[in-house]
Amino acid sequence: MTKQKNPAMDLLRVLAAAMVLAVHTGQKAGLGQQLAVGARGVELFFVLSGFLTAASLARDDAPLPYYKRRARRILPLYWLVLAIRWVFDAVRCLAGGMPAAQVFTGPCGPRYLRYVFLLQMWLPSEDWMLWNNRNVLWTMSSFAFFYLIAPFLYKLCRRFRGAFAVLLVCLAGKGFLGRWVESRLSGWPESANISQFSAQNPLMTLYCFVFGMAAFAAVRDNRQFFYGAFCILLAALLGFDRCAYECVFTVLVLLAAQCPPADLPLRAVRALDLLSAGSFWLYLAHPMVLELLPAIQGWGGFVLLWCVTAAVCYGLYALAVQRFERRFAKS
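The numbering of the sequence shown is my numbering, which starts it at -9 and goes up by one.
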């Protein structure tokens, strides 16, 4: 299961990216409430990453090679997007008449390094959108934290019994931890958006990755039916509140893991490979593309903006970004 490429997993990765693109496109088109569920694509990314990380560590759980693989996959594209974002903001601020000294001590100043070192969701700020969620990059702190501890967490989650126990501990402690973080930061101004900062802190999102790691352990230990039933029951009890979506996504991952690679036509395989490989670039780059597009209201505007943004991102990926990415993968 873990040695073959599974198209179903690629489809889930593309679905997660499409959902995230949908919620931001919906906001641009004035349909933020109707498409708010698209934000759940982030949790799908987290659960899927937990499963695939466990699969990778099952083949080789040595920390150093694992860190090298993750760094080559994540950091080059992430830092490329950060560099483009920095130039994008600097040009926009200067063109808008902001003095250069203010630009390079303010929005493009030294504090920007918090993004470079993936600290944006560890360090609260007085401006949530500028210093914690610029370019919608809050999630990268969660990814980095999980990848950092994954080789050690995997030792606890190697078998399903241990993974399930870790998941229960994470679920039980999440609420207490969130309230503690929020209480510790209660003195920050409203613009700091401390309630969201505490809810999306890497410690608070770790349970999503553990859902995925437990899914891998369940499949390997032939406990997938028990685990799937647990997730369905928990989602029903929660009424699609709190972690119910994560439960549904875990069931999707379990189903995908049971699907053997299909005999797809060569063109379909190539298209799916491109969509899956470029999904991370789409995830990182789409906010800047959307900013450059005019706001078109309504469902027609949403469809047009979604298609144009996806086409631009994947076009750039196929023409240039993929070569950039492969250079670091081979180094």
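Backbone N, C-alpha and C fix where the C-beta goes; we use that ideal spot for every residue, glycine too.
Alpha-carbon spacing of residue i relative to residue j, whole angstroms
i           : j           : result
residue 154 : residue 216 : 11 Å
residue 313 : residue 68  : 15 Å
residue 170 : residue 54  : 34 Å
residue 112 : residue 256 : 44 Å
residue 109 : residue 248 : 37 Å
residue 211 : residue 100 : 49 Å
residue 91  : residue 75  : 18 Å
residue 304 : residue 49  : 31 Å
residue 21  : residue 298 : 17 Å
residue 157 : residue 83  : 45 Å
residue 283 : residue 14  : 12 Å
residue 209 : residue 188 : 33 Å
residue 56  : residue 290 : 44 Å
residue 1   : residue 88  : 44 Å
residue 146 : residue 207 : 11 Å
residue 213 : residue 204 : 10 Å
residue -7  : residue 45  : At residue -7, the pLDDT of 48 sits below 50, so the modelled position is not reliable; the number obtained from the coordinates is stated separately. If I take the Cα positions, the gap works out to 9 Å.
residue 105 : residue 65  : 11 Å
residue 160 : residue 196 : 8 Å
residue 18  : residue 29  : 14 Å
residue 131 : residue 222 : 29 Å
residue -3  : residue 4   : 11 Å
residue -9  : residue 95  : Interpretation of residue -9 is limited by its pLDDT of 38, a score under 50 that renders its predicted location unreliable; the figure taken from the coordinates is listed afterwards. Roughly 51 Å separates the two Cα atoms.
residue 133 : residue 179 : 27 Å
residue 35  : residue 265 : 15 Å
residue 241 : residue 229 : 16 Å
residue 162 : residue 173 : 18 Å
residue 317 : residue 166 : 44 Å
residue 238 : residue -1  : 15 Å
residue 308 : residue 86  : 33 Å
residue 148 : residue 287 : 49 Å
residue 152 : residue 168 : 24 Å
residue 27  : residue 296 : 15 Å
residue 362 : residue 77  : Here the chain has residues from -9 to 321 only, and residue 362 is not among them.
residue 81  : residue 278 : 13 Å
residue 93  : residue 184 : 25 Å
residue 294 : residue 107 : 35 Å
Option in the options with minimal Cα separation from residue i
i           : options            : result
residue 97  : 72, 111, 112       : 72
residue 177 : 206, 116, 81       : 116
residue 119 : 85, 186, 196       : 186
residue 141 : 58, 219, 62, 189   : 58
residue 182 : 127, 122, 70       : 122
residue 232 : 9, 20, 33, -2      : 33
residue 175 : 315, 196, 114, 147 : 114
residue 61  : 136, 307, 289      : 136
residue 102 : 88, 87, 244, 79    : 79
residue 128 : 193, 237, 222      : 193
residue 280 : 270, 288, 292      : 292
residue 190 : 180, 179, 164      : 164
residue 52  : 133, 149, 138      : 138
residue 9   : 287, 319, 276      : 276
residue 302 : 288, 269, 77, 152  : 269
residue -5  : 296, 26, 27, 263   : 263
Short Cβ contact (9 Å threshold) for residue i with residue j
i           : j           : result
residue 16  : residue 24  : yes
residue 7   : residue 227 : no
residue 267 : residue 315 : yes
residue 11  : residue 300 : yes
residue 225 : residue 235 : yes
residue 144 : residue 47  : yes
residue 125 : residue 274 : yes
residue 70  : residue 259 : no
residue 63  : residue 219 : no
Residue i beta carbon near the ligand ATP (any heavy atom closer than 8 Å)
i           : result
residue 189 : The model depicted lacks the ligand ATP and carries no ligand whatsoever.
Only counting runs of 4 or more residues, tell me where the alpha helix (DSSP H) segments fall wholly within the segment 32 to 92, in order along the chain. 53 to 85
Evaluate contact between the segment 32 to 44 and the segment 192 to 209, counting only Cβ atoms and requiring at least three cross-stretch pairs below 8 Å. Touching, per the Cβ criterion.
Kindly provide the ranges of any alpha helix (DSSP H) runs that are 4 or more residues long and lie completely inside the segment 89 to 169, ordered along the chain. 90 to 93, 103 to 106, 118 to 121, 129 to 147
Start-end ranges of the alpha helix (DSSP H) lying completely within the segment 192 to 257, minimum 4 residues: 192 to 210, 214 to 228, 234 to 248
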